[in-house]
Amino acid sequence: MLESLRSVVDVKPFERDRDLRRLSSCANVADYRAVAQKRLPAGVFDYIDGAAEDESAMSRNASRFRDRTLVPRVLRNVSSVDTSTTILGKRSSMPLIIAPTGFPRIAHPEGELATARSAARHDVVFSLSTMGTRSIEEVADVCHGRKWFQVYVWRDRALTKDMLARCKESGFEALYITVDTAVLGRRERDVRRGMSLPPKLGLDTFVEGARRPRWVLEFLRNEPIVFSNVAVSTKRLGATTEDGSSAVSLARFINDQFDPRLSWEDVAWIRSQWDGPVILKGIQSVADAKIAVSEGLDAIALSNHGGRQLDASPAIIDLVAPVRDAVGDSIEVYCDGGVRRGSDVVKAVALGADAAMIGRPHLYALAAGGERGVDHLLDFFKDGIEQTMALTGVTSVAALSPDIVNER
Ligand SMILES: Cc1cc2nc3c(=O)[nH]c(=O)nc-3n(C[C@H](O)[C@H](O)[C@H](O)COP(=O)(O)O)c2cc1C
Numbered sequence: 011m012l013e014s015l016r017s018v019v020d021v022k023p024f025e026r027d028r029d030l031r032r033l034s035s036c037a038n039v040a041d042y043r044a045v046a047q048k049r050l051p052a053g054v055f056d057y058i059d060g061a062a063e064d065e066s067a068m069s070r071n072a073s074r075f076r077d078r079t080l081v082p083r084v085l086r087n088v089s090s091v092d093t094s095t096t097i098l099g100k101r102s103s104m105p106l107i108i109a110p111t112g113f114p115r116i117a118h119p120e121g122e123l124a125t126a127r128s129a130a131r132h133d134v135v136f137s138l139s140t141m142g143t144r145s146i147e148e149v150a151d152v153c154h155g156r157k158w159f160q161v162y163v164w165r166d167r168a169l170t171k172d173m174l175a176r177c178k179e180s181g182f183e184a185l186y187i188t189v190d191t192a193v194l195g196r197r198e199r200d201v202r203r204g205m206s207l208p209p210k211l212g213l214d215t216f217v218e219g220a221r222r223p224r225w226v227l228e229f230l231r232n233e234p235i236v237f238s239n240v241a242v243s244t245k246r247l248g249a250t251t252e253d254g255s256s257a258v259s260l261a262r263f264i265n266d267q268f269d270p271r272l273s274w275e276d277v278a279w280i281r282s283q284w285d286g287p288v289i290l291k292g293i294q295s296v297a298d299a300k301i302a303v304s305e306g307l308d309a310i311a312l313s314n315h316g317g318r319q320l321d322a323s324p325a326i327i328d329l330v331a332p333v334r335d336a337v338g339d340s341i342e343v344y345c346d347g348g349v350r351r352g353s354d355v356v357k358a359v360a361l362g363a364d365a366a367m368i369g370r371p372h373l374y375a376l377a378a379g380g381e382r383g384v385d386h387l388l389d390f391f392k393d394g395i396e397q398t399m400a401l402t403g404v405t406s407v408a409a410l411s412p413d414i415v416n417e418r
């Protein structure tokens, strides 16, 4: 009887490593998100997870991916599927890019270092934000893979110029200019919680801390979270811009420091300061995509900042085909917002994007399991892309075409 019981019961060996144990029960991005929600104080989770106003742009981003079905094709010998592709002239293991996000160290003490190492191992582009919590130099030290830097244009142009010089010295390959943040969107979860960055350890945090003791302990045990890129440049320049060493309201900080007069002339100025590729991030119309082409940009990222800026903005996947039709092959096109599965990446590429980017998913995975969380997530995306390509009968990224997407 014991023998027959043994033959049907397969007890999973106990995983001693806490991160791996947690990750072993994650099957998709919703699962990483649920773990992140359990591990992070509510205000921190809401800062990452939230979006502007009614959060309708954020939900539209995701639901418009779900609305599109794919055309399964059969009997096409899919024994070998190649997910690799070329982005800005260099190879990537898949058409996926880690989007720039501010303050990753609030999700995990290692922050960008963990994500950048994992991205390099997976042969995927890592993007560092101006509002990063690890500096350009720290990231370059650990990441020997492809790395891009995202700049905001500061009122104090010397700061922008200094960051570009540091990127050059540190081997960053390309530059994004984020253009959808002329003013900060109204993120109502942050308004309600009076969210500051870095998070303030006030009375409410201690109440939260009783529920999330591990996060509070890590927060206190590790070096303070500051806007590392700003801190290095202000020191080099002897400037006085706040670097996050005391808590600031993000809305006030952005509205005080970033230049709302930003225009196409400033884009030309940045291009004159940088001899590598430049990507405009935050394009949301065919009209602006066409201007980007005429201005000679190398790439555009169709993005509504994950729904964190204008809540009435269109779902990003809806823009991909019309923009590709309008710009032809003159420019690379990436897109982000609501990409949660390999099949979403396949839909975006089939409709005309060169790559899709992920923001929140990598922060959830980082919170769920640090560097191994990001490894887990990138494997999940790679497997999902490969599986979707096999089930739609396509064996190379170049062969993905709009024919495999049913547009409603
Ligand atoms: C917490 C958080 C911080 C972000 N910070 C930045 C930033 O500093 N610069 C930037 O260009 N985009 C930033 N973004 C936007 C992302 O680059 C990306 O456009 C967006 O997250 C994609 O949507 P998704 O989260 O649905 O994948 C941020 C997004 C999140 C969620």
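In terms of the working numbering, the sequence shown has 111 at position 101, counting the first letter as 1, and numbering is strictly consecutive. C-beta: ideal position from N, C-alpha, C; glycine also.
| query | result |
| --- | --- |
| Top-ranked residue by Cα proximity to S411, from L80, F24, P23, N38 | L80 |
| Contact belief for D172 with S313 at Cβ below 8 Å, rounded distance in angstroms | That pair is no contact at about 26 Å. |
| Run of the alpha helix (DSSP H) containing K419, from where it starts to where it stops | Examination of residue 419 is not possible in this model, given that the chain is present from 11 through 418 alone. |
| Residue environment, E120, which counts as buried when at least 16 other CB atoms sit within 10 Å | buried |
| Per DSSP, cross-strand counterpart(s) of K171 | Note: K171 sits in no beta bridge, so no partner. |
| Alpha-carbon to alpha-carbon, S66 and V135 | 29 Å |
| R281 to V161 span [Cα, whole Å] | 12 Å |
| Rounded distance between the beta-carbons of I395 and G362, thought under 8 Å | In fact, because the Cβ distance is near 16 Å, the residues do not count as touching under 8 Å. |
| Beta-carbon proximity check, V303 vs L290, cutoff 8 Å | no |
| Proximity of V288 and I187 at Cβ, strictly below 8 Å | yes |
| Which listed residue (K392, A124, R165) has its alpha carbon closest to that of D269 | R165 |
| Beta bridge counterpart(s) of F159 as assigned by DSSP | L138, L185 |
| Segments assigned beta strand (DSSP E), at least 3 residues, entirely inside the region 338–414 | 342–346, 365–368 |
| DSSP-derived helix/strand/coil call for D328 | helix |
| Whole-angstrom distance between T111 and E342, CA atom to CA atom | 21 Å |
| CB of R350 within 8 Å of CB of V39, strictly | yes |
| Exposure of S340, with buried meaning 16 or more beta-carbon neighbours within 10 Å | exposed |
| Rounded C-alpha distance that separates G195 from L85 | 49 Å |
| Heavy atom of ligand 1 within 7 Å of H132 beta-carbon | no |
| Run of the alpha helix (DSSP H) containing S304, from where it starts to where it stops | 296–304 |
| Rounded straight-line distance, which links the Cα of A257 to that of R206 | Note that residue 206 is Ser in the sequence shown here, rather than Arg. If I take the Cα positions, the gap works out to 6 Å. |
| Coarse secondary structure for A220, derived from DSSP in three states | helix |
| Residue ranges of each beta strand (DSSP E) within the region 109–153, 3 or longer | 135–139 |
| Same chain, Cβ closer than 6 Å to E63, five either side skipped, listed in chain order | R196, D321 |
| Beta-ladder partner(s) of D92, from DSSP | S406 |
| Residue of A297, I107, R318 minimising C-alpha distance to R429 | Outside the modelled stretch of the chain, which goes from 11 to 418, sits residue 429, for which no answer is possible. |
| Secondary structure of K291, DSSP reduced to three states | strand |
| Selection from L373, R318, T140 that minimises the alpha carbon distance to D41 | L373 |
| Supposed contact pair N265 and G142 - C-beta distance, whole angstroms, cut 8 Å | The pair is not a contact, with the Cβ atoms about 20 Å apart (cut-off 8 Å). |
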